[in-house]
Amino acid sequence: MATVKERVVAVTARVLQLDPKEILPEKTFTVDLGAESVQSIELVASFEEEFGIEMDEDAALSVENVGDAIAFITKVCKEQDVEI
Amino acid sequence: MSNIKEYPLVDTTEPNLLEQTFDYGLPPMIHFDGPAIEVIDGRQVEFDPALLKSRDIVITDTTFRDGQQARPPYSVEQMVKIYDLLAKLGGPNGVIRQTEFFLYTKNDRETLDRCRELGHEFPECTGWIRAVKGDFRLVREAKLKESGMLTSCSDYHIFQKLKFKSRKQCMDSYCEVVDAAFEAGVRPRCHLEDVTRADIEGFVLPFVQRLMRMSEQVPDKLKAKIRLCDTMGFGISYPGVELPRSIPKLIYKMTQECGVPSERLEWHGHNDFHKVHVNGGSAWLYGCDAVNATLFGFGERTGNPPLESAIIEYIALKGGLCGIQTEVITEIADYMKSIGLPIPDNYPLVGKAFNTTRAGIHAGGLRQDERIYNIFDTTALLNRPPRVALTDKTGSDGVALWVNEFFGLKGDKRISKIKCHKVARWVTDQYEKHGRMTAISDEELETQVKELMPTYWEKYKG
């Protein structure tokens, strides 16, 4: 089974139409990866769908980089008893 | 010595929303913290705004007179309907105290009869005639207690239009008609046309003083009223302006030097210089009890004080609704639009877009707390919830706001913008991929919400 990191990278690559190799933990979604306003929303929605979780909108949208997104999603999965 | 005063930051973690003034449930209050001051004839004169609370300030309507001078005539049915709505809007206290009618045609007289048959105490129906003695026959036959009459007072009118040989001949002629009114048992309301372009000391004050002397001879119910007609919109509310354009000075001269009581003094403005509404409010402040207005400001040329805005101003000055049914403003606007009156989208209080935001950053604010970008509770007071119009500038906040309004969801029930992402994408693509240049209509959005958010559609619209 793919790790949280691999799944986050795959979703990000699909939504932002990027090469997965470019998506590194320290990369910020907006400045480094070029996510525009609506893409940020699409990313959060896609993460929810991928992991079967519900995220707090403001908290999810305040996550800035890929590494923090991995940590945030891991935490939410644990809180919502979602197997990862 | 410097006047600079240090103001240390008053730090707080709780917002101060200044709710004494911006009580969201009412239009924003107008609070004064001192008198209005004007220098008149070298003397400093104070006007006390606190008196506005106790004075019986009112709105008088001229939708059927000046309002009809700006458009094709209303039908009898339309006027009766509008009159009925005016009565409902102004409420039982008669905030809309009077409305005036032409009396010259069969239709004019039938309308008047039909309106009175409705049995409303307010607005009281009054007439409007030329300053011609014979016209009082019409007023008497119509059984009206009061009628306006043209008593134009600038030399532009006296000499250039009416062709009087002298001011004395003009004044004598007007006073003959006032006498005829008294004899007919009708209160004359003298419309001082073009007063803001008149010789105040040379004609206006002597004329009004004569009218007041004549009024001493008749019962209170017949004493002449004075309407100050800013026919060309020349009136100025700023302190320090000279006569004849100064509204404060003009009103002071009327009340203090001619002895016209405030309750017999009225302001009638025109909007040629975009000053019409504030001039009306200023007239209230400086001592006119009545402000004459028309629905949506429709009147000769650029129009008159908009009645619906005068209503909001009234509430702001009085500090409460005073029996006014503000939501009727929207009802009247819908009716007027249905009979072909054009109301621009951005027209305050009633235009299609008056409380519609287009910028995404504003929509974001509106989504968090509608007070941020809405003037007052327009849902409660006008039956008009704040809206967003979707364009390329709206963003996902605006889309979410639109969706929640569409489904009528508030508070915890509101759908997050994350759940609206497919609709937000569709909107973005309209502009980025398809080069669209127009705003997206409600109907288009509705179609997209149905298709892209089927679960919510089923839950709230199914």
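First to last, the sequence lines map onto chains A and B.
Residue 53 in my numbering sits at position 53 of the first sequence, with consecutive numbering throughout.
Throughout, my numbering is defined as the position within the second sequence, counted from one, plus 84.
Where a beta carbon is used, it is the ideal one built from N, C-alpha and C, also for glycine.
- Each residue's CA atom was taken as its position, placing I124 of chain B and G371 of chain B some 15 angstroms apart.
- Judged by DSSP secondary structure, S299 of chain B falls within the alpha helix (DSSP H) whose first and last residues are L289 to S299.
- Nearest C-alpha to G381 of chain B among B:E130, B:G151 and B:P99: B:G151.
- Scanning chain B for C-beta atoms nearer than 7 angstroms to the C-beta of S37 of chain A yields G479 and S480, reported in chain order.
- Residues V292, M296, I310 and M338 of the same chain have their beta carbon placed closer than 7 angstroms to that of V344 of chain B, with the five preceding and five following residues left out of the count.
- Rounded to whole angstroms, the separation of the alpha carbons of Q182 of chain B and E208 of chain B is 4 angstroms.
- In the structure shown, L349 of chain B adopts extended strand secondary structure according to DSSP, grouped into three states.
- The secondary-structure analysis by DSSP pairs C274 of chain B across a beta bridge with B:M233 and B:I310.
- Put simply, the CB of S422 of chain B is far from chain A, with every gap to its CB atoms at 8 angstroms or more.
- M55 of chain A counts as buried, since at least 16 other C-beta atoms from the protein chains shown sit within 10 angstroms of its C-beta.
- When secondary structure is reduced to three states using DSSP, I320 of chain B falls in the strand class.
- Interface annotation, V44 of chain A: in contact with chain B, CB-CB separation under 8 angstroms.
- Exposed is the label assigned to Y322 of chain B, since fewer than 16 other Cβ atoms lie within 10 Å of its Cβ.
- Between the alpha carbons of G175 of chain B and D140 of chain B lies a gap of roughly 14 angstroms.
- CA-CA distance, A374 of chain B to W368 of chain B, rounds to 7 angstroms.
- The three-state reading of DSSP puts A377 of chain B in strand, counting E and B together.
- In the assembly as shown, P470 of chain B is a buried residue. Its beta-carbon has 16 or more other beta-carbons within 10 Å.
- For the 8 angstroms CB-CB criterion, T440 of chain B and Y457 of chain B do not form a contact.
- Its chain contains Q532 and L536 as the residues whose beta carbon lies nearer than 7 angstroms to that of W510 of chain B, once the 5 sequence neighbours on both sides are disregarded; these appear in chain order.
- Nearest CB-CB separation between H505 of chain B and chain A: below the 8 angstroms threshold.
- Neighbours of R509 of chain B in chain A, taken as residues whose beta carbon is under 8 angstroms from its own, are V38 and E42 in chain order.
- Here A60 of chain A is buried. Its C-beta has 16 or more other C-beta atoms within 10 Å.
- Taking C-beta atoms as the reference points, A264 of chain B and K217 of chain B count as a pair closer than 8 angstroms.
- Where T144 of chain B is concerned, the enclosing beta strand (DSSP E) starts and stops at V142 to D145.
- Contacts between E48 of chain A and chain B, judged by CB atoms closer than 8 angstroms, involve I502 in chain order.
- Within chain A, not a single residue places a beta-carbon under 9 angstroms from that of T539 of chain B; the smallest gap is close to 13 angstroms.
- Here T410 of chain B is actually not in contact with L391 of chain B; their C-beta atoms are around 12 angstroms apart, not less than 8 angstroms.
- With fewer than 16 neighbouring CB atoms inside 10 Å of its own CB, H115 of chain B falls in the exposed class.
- Rounded to the nearest angstrom, the Cβ distance from N177 of chain B to G407 of chain B is 4 angstroms, consistent with a contact under 8 angstroms.
- Neighbourhood of E64 of chain A in chain B, by CB distance below 9 angstroms: empty, with the nearest CB roughly 17 angstroms away.
- C259 of chain B carries a helical assignment under DSSP once its states are collapsed to helix, strand and coil.
- The shortest C-alpha to C-alpha distance from D219 of chain B to any of B:G449, B:I242, B:L187 and B:S236 is the one to B:L187.
- Closest by C-alpha distance to R329 of chain B, out of B:I416, B:S366 and B:G479, is B:S366.
- Taking all protein chains shown into account, I88 of chain B has fewer than 16 neighbouring C-beta atoms within 10 Å of its C-beta and is therefore exposed.
- Ranked by Cα distance from K137 of chain B, the first of B:G404, B:L312, B:Q153 and B:G383 is B:G404.
- Residue environment: G353 of chain B is assigned as buried (16 or more neighbouring CB atoms within 10 Å of its CB, all protein chains considered).
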